[in-house]
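Read the structure below first, then the notes.
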Amino acid sequence: MDQHQNQRIKKVLECDTLLLFLQNSFKEVNGSRVINIKTWIRNVLVKYDKIAKNDKISKTQDILYHNQLVESYLDDQNRSKDSSIMFGLTVVCWKTRDFRVACQLVWGAANTKLKELISFHELRVSLNSDDSYRRFAFALSMPIGKNYACFESAHFAFYDDSYRDFDLKIVMDAAFEFIEQLNAFQITDEIRLNLESSNFN
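Under the working numbering, read the sequence shown as residues 1116 to 1316, first letter to last.
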């Protein structure tokens, strides 16, 4: 394993939001069976790098390491990087054919991205349930809400393990668009007032 690969793995393993999310998600489907999350992440990233070298995975689909969309997002140091790491690991799981985890991760990444938007703009908005995230996404705009609904469907597929490569391709197209939509979203005084006066719970 080279030094660059080690640094990338270290960066992912330092994302507490991701670790807690995966721990809770695995517990839901595995019950009492204990999984070492950090070991699992390390293994899936190493597997991904091997596939990337052999199959020359398109860099336009690699949003964990070098995708320009995420790199431009990370330029703003005031924003958390958690959602980009989670979206990136979603791509890794998709490419290593761990479709079930990819379904759950993309939903968690979308929720984290919405929380980052709220935090960045210092919105006085509370999201306390799964439904509240969907309502908030639709309150931002209909296109954002429709993309979020795609992630919500993927989240449901996590429980019955029903999504495959074709389904994840659609979900990831929505994810790229969702990232662009939220990065470009402008909070005007009118939008702020409307969001802060709404009850999403």
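Glycine included, C-beta positions come from ideal geometry on N, C-alpha and C.
The model shown is predicted, which means the values in this text are computed figures rather than measured ones.
Beta-carbon within less than 7 Å of Ile1150's beta-carbon, same chain only, minus the 5 sequence neighbours each way: which residues are those? Residue 1150 sits at position 35 when you count from the first residue of the sequence shown. Contacts found: Phe1141.
C-alpha distance - Ile1166 paired with Val1159, whole-angstrom precision: In the sequence shown, the residue the question calls residue 1166 occupies position 51. In the sequence shown, the residue the question calls residue 1159 occupies position 44. If I take the Cα positions, the gap works out to 11 Å.
Identity of the residue in Asn1139, Val1240 and Ala1254 nearest Phe1300 by Cα: Residue numbering aside, residue 1300 sits at position 185 when the sequence shown is read from its first letter. Of Asn1139, Val1240 and Ala1254, the residue nearest in Cα terms is Ala1254.
So does the region 1206-1219 actually touch the region 1227-1235, counting three or more Cβ pairs closer than 8 Å? no
Determine the extent of the alpha helix (DSSP H) in which His1270 is found, giving its start and end residues. Mapped onto the sequence shown, residue 1270 falls at position 155. Here the alpha helix (DSSP H) through His1270 covers Met1257 to Asp1275.
Minimum C-alpha distance to Glu1311 - residue among Glu1237, Asn1298, Glu1292 and Tyr1263: Along the sequence shown, one-based indexing puts residue 1311 at 196. Nearest C-alpha to Glu1311: Glu1237.
Which parts of the region 1199-1252 are runs of the alpha helix (DSSP H), unbroken and 4 residues or longer, counting only runs that do not cross its ends? 1214-1235
Rounded to a whole number of angstroms, what is the C-alpha to C-alpha distance between Ala1225 and Ala1290? Here the question's residue 1225 lines up with position 110 in the sequence shown. Here the question's residue 1290 lines up with position 175 in the sequence shown. When rounded, the distance between both Cα atoms is 8 Å.
Mapping the DSSP letters down to three states, classify Ile1302 as helix, strand or coil. Numbered from 1 along the sequence shown, position 187 holds the residue referred to as residue 1302. Coil, per DSSP.
Check this for me: beta carbons of Tyr1163 and Thr1211, under 7 Å apart or not? As a working note, residue 1163 is residue 48 in the sequence shown. As a working note, residue 1211 is residue 96 in the sequence shown. Yes, the Cβ-Cβ distance between Tyr1163 and Thr1211 is below 7 Å.
Spatial neighbours of Cys1130 within its chain, please: C-beta separation below 7 Å, excluding the five flanking residues on both sides. Walking along the sequence shown from the start, residue 1130 turns up at place 15. Within the same chain, Cys1130 has close Cβ partners Asp1197 and Ile1200.
Hey, Asn1262 and Glu1292: beta-carbon distance below 7 Å or not? Your numbering for residue 1262 matches position 147 in the sequence shown. Your numbering for residue 1292 matches position 177 in the sequence shown. Contact flag set, yes.
To the nearest whole angstrom, what separates the beta carbons of Lys1153 and Leu1128, a pair I think is in contact under 8 Å? Walking along the sequence shown from the start, residue 1153 turns up at place 38. Walking along the sequence shown from the start, residue 1128 turns up at place 13. That pair is a contact at about 5 Å.
Decide if Met1257 is buried, meaning its Cβ has at least 16 other Cβ atoms within 10 Å, or exposed. For the purposes of this step, residue 1257 is taken as residue 142 along the sequence shown, with counting starting at 1. Result: exposed.
Expressed to the nearest angstrom, what Euclidean distance is found between the alpha-carbon atoms of Gln1183 and Glu1295? One-based indexing of the sequence shown puts residue 1183 at position 68. One-based indexing of the sequence shown puts residue 1295 at position 180. Because Gln1183 sits at a pLDDT of 42, beneath the cut-off of 50, its placement in the model cannot be relied upon, and the point is left open.
Could you tell me the boundaries of the alpha helix (DSSP H) in which Asn1145 lies? By one-based count along the sequence shown, residue 1145 stands at place 30. Run containing Asn1145: Asp1131 to Asn1145, per the alpha helix (DSSP H) assignment.
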